[in-house]
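Participant:
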Ligand code: ZN
């Protein structure tokens with residue numbers, strides 16, 4: 009099979025008249041300046057699919073349920089109580105149905121792979137399922153049903169706060185000791201298919217002791233390592249009280265943070281942390297829509313990018329799933345904080361949209377342990393834009409990605425191929441109706 013595009017985003021720029029051959033889910037050939045051949049499917053613009061570096065799929069089902077003021081000081085911690093009550097009721101079948109809806113939406117908006125930060129492991133009583141990886145299986149099922157690429161990140165969670173504090177009852181479904189987690193990793197690996205891969209996710213320095221962190225890194229000596237860090241001011245203060253160091257500072261000092269690491273949020277950084285984090289080669293897992301929704305704070309992206317820091321974007325709580333809107337929210341957060349414009353441009357890349365997209369493609373792929381962009385041998389993960397969409401009226405190459413990210417609403421994406429299979433056509437997931445019907449039935453039952 010071959011796809012032909014007027015333009016394709018290759019090596020951080022536009023190539024013209026691009027013919028992409030696909031075999032066994034991978035890119036078998038790339039010709040530029042090539043005419044379409046009979047039988048080629050023709051489209052206007054090809055972008056490499058983005059990696060969504062951070063998702064909790066089941067949280068899609070509680071989107072919109074936490075926007076009501078319940079007390080004068082509503083914050084992340086009161087949101088977390090609502091989230092714990094919601095997940096209390098979920099079965100593996102529920103998680104499969106809700107997660108599939110989130111994954112279909114990811115594909116429809118230009119994500120082709122997700123890093124699923126998976127912490128809901130046990131039954132409602134807090135006991136392991138007979139199949140210890142039943143919940144991981146539900147996530148793999150959602151990925152298979154929608155075709156989204158999966159990087160499964162089983163979460164190790166053992167404590168309620170810094171200093172090995174006891175977990176709360178609301179956390180009982182997340183908990184493992186190291187032996188239990190090792191068994192969970194083995195059982196989870198057996199659920200994966202296709203080009204799914206796996207890493208590990210120590211939940212946060214609140215939930216994991218230094219000894220446990222060292223044991224986890226021994227259990228998983230290669231592959232992605234993701235951890236929530238410095239999302240909340242209270243978390244930073246608690247970490248300083250516990251260790252004398254801030255969370256990202258502690259990780260940089262003690263955890264061997266390097267290219268395999270992705271620090272999720274890392275919102276609250278001092279100037280020294282920004283410089284050291286950027287130099288580490290690790291990826292910042294930024295989730296601007298969720299961070300805004302939860303009132304986390306603003307990541308110091310201008311300084312971090314100026315220091316060469318790497319980032320990917322994630323949809324985290326899945327309150328609203330949209331790749332372009334994550335990039336837009338990231339830029340707008342900086343503009344609002346600094347009262348200035350066009351802040352996340354690069355020195356050689358003055359167009360903000362193109363710079364954000366190129367960096368998110370690179371950082372996202374690194375964070376999920378896969379190859380980035382279009383090249384022979386890479387997964388054929390391709391997003392086509394509909395240049396007839398009104399947002400692209402009169403567009404040129406230079407502003408095309410700015411128009412997609414800053415001006416287009418849903419509908420700018422035409423087709424999405426994931427591992428060479430077309431999963432989105434005319435802007436809609438090909439199984440979207442069935443996935444949505446199962447989701448509606450599931451959520452209606454849970455909330456009844
Ligand atoms: Zn998260």
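Numbering (this note's numbering), first residue to last: 9 to 456. For each residue, glycine too, the CB sits at the ideal point set by N, CA and C. In this text the structure is predicted, and so the values were computed from the model without any measurement.
What does a CB cutoff of less than 8 Å around residue 170 pick up in its chain, not counting 5 residues either side in sequence?
Facilitator: Once the five neighbours on either side are set aside, the close Cβ partners of residue 170 are 213, 214, 246, 247, 249, 250 and 251.
Participant: Quick check on this structure: which residue in 301, 298, 302 and 294 has the alpha carbon closest to the alpha carbon of residue 308?
Facilitator: Across the set 301, 298, 302 and 294, the C-alpha of 294 shows the shortest separation from the C-alpha of residue 308.
Participant: Three Cβ pairs or more, each shorter than 8 Å: is that satisfied between the region 20-38 and the region 271-289?
Facilitator: Contact fails: fewer than three Cβ-Cβ distances are below 8 Å.
Participant: Let me know the alpha helix (DSSP H) ranges lying completely inside the region 162-208, each 4 residues or longer, listed in chain order.
Facilitator: 186-197
Participant: Give the straight-line distance between the Cα atoms of residue 120 and residue 374, rounded to the nearest whole angstrom.
Facilitator: About 14 Å.
Participant: Just the Cα atoms here: how many angstroms apart are residue 315 and residue 370?
Facilitator: 16 Å
Participant: Report back the beta-carbon spacing between residue 12 and residue 50 to the nearest angstrom; my notes put them in contact at under 8 Å.
Facilitator: Confirmed, Cβ separation roughly 5 Å.
Participant: Got a sec: does the ligand ZN put a non-hydrogen atom nearer than 8 Å to the Cβ of residue 247?
Facilitator: no
Participant: Among the residues of its own chain, which have a CB less than 6 Å from the CB of residue 112, if the five just before and after it don't count?
Facilitator: 154, 437, 440 and 443
Participant: Mind listing, in chain order, the residues whose beta carbon lies closer than 6 Å to a non-hydrogen atom of the ligand ZN?
Facilitator: 62, 64, 125, 236, 272 and 324
Participant: Quick check on DSSP: helix, strand or coil for residue 320?
Facilitator: strand
Participant: Are the region 393-400 and the region 349-357 in contact at 8 Å, needing three or more beta carbon pairs?
Facilitator: Verdict: no, contact absent.
Participant: Give the single residue among 168, 223 and 198 whose Cα lies nearest to the Cα of residue 143.
Facilitator: 198
Participant: Is the Cβ-Cβ distance between residue 434 and residue 450 less than 9 Å?
Facilitator: no
Participant: Which runs of the alpha helix (DSSP H), 4 residues or longer, sit entirely within the region 274-335?
Facilitator: Entirely contained in the region 274-335, the alpha helix (DSSP H) runs reaching 4 residues are, in chain order, 279-288, 296-302 and 309-314.
Participant: Can you tell me whether residue 102 is helix, strand or coil according to DSSP?
Facilitator: helix
Participant: Check the DSSP bridge columns for residue 39 and list the partner residues they point to.
Facilitator: 27
Participant: Going by other Cβ atoms of all chains shown within 10 Å of its Cβ, with 16 needed for buried, is residue 124 buried or exposed?
Facilitator: buried
Participant: From residue 179 to residue 152, what does the alpha carbon distance come to, in whole angstroms?
Facilitator: 28 Å
Participant: Using CA coordinates, which residue listed in 297, 272, 270 and 260 is at the minimum distance from residue 280?
Facilitator: 260
Participant: Tell me whether residue 296 is buried or exposed, calling it buried when 16 or more other Cβ atoms sit within 10 Å of its Cβ.
Facilitator: buried
Participant: For residue 430, list the residues DSSP reports as bridge partners.
Facilitator: 425
Participant: What whole-angstrom Cβ distance do residue 361 and residue 321 have, given they're in contact under 8 Å?
Facilitator: No, residue 361 and residue 321 are not in contact; Cβ-Cβ is about 13 Å, not under 8 Å.
Participant: Tell me the rounded alpha-carbon separation between residue 6 and residue 79.
Facilitator: Examination of residue 6 is not possible in this model, given that the chain is present from 9 through 456 alone.
Participant: Spatial neighbours of residue 265 within its chain, please: C-beta separation below 6 Å, excluding the five flanking residues on both sides.
Facilitator: Taken in chain order, the residues that qualify are 259, 288 and 290.
Participant: Under three-state DSSP, which class holds residue 255?
Facilitator: In this structure, residue 255 counts as helix in the three-state DSSP scheme.
Participant: Between the alpha carbons of residue 225 and residue 236, how many angstroms are there, rounded?
Facilitator: 16 Å
Participant: Give the straight-line distance between the Cα atoms of residue 379 and residue 456, rounded to the nearest whole angstrom.
Facilitator: About 44 Å.
Participant: I'd like to check one pair, residue 391 with residue 55: are the Cβ atoms closer than 9 Å?
Facilitator: yes
Participant: Report the rounded CA-to-CA distance for residue 461 versus residue 298, giving the unit in angstroms.
Facilitator: Any answer about residue 461 is impossible in this case: the structure gives the chain only from 9 up to 456.
Participant: Taking 7 Å as the limit between beta carbons, can you name the residues of its chain near residue 218, skipping five residues before and five after?
Facilitator: Within the same chain, residue 218 has close Cβ partners 262.
Participant: Could you round the C-beta distance between residue 110 and residue 329 to whole angstroms and report it? I think they count as a contact, below 8 Å.
Facilitator: 6 Å
Participant: Ignore the nearest five residues each way along the sequence and tell me which others in residue 454's own chain have a CB closer than 6 Å to its CB.
Facilitator: 97
Participant: Would the beta-carbon of residue 323 fall within 9 Å of that of residue 304?
Facilitator: No.
Participant: For residue 228, name the three-state secondary structure that DSSP assigns.
Facilitator: coil
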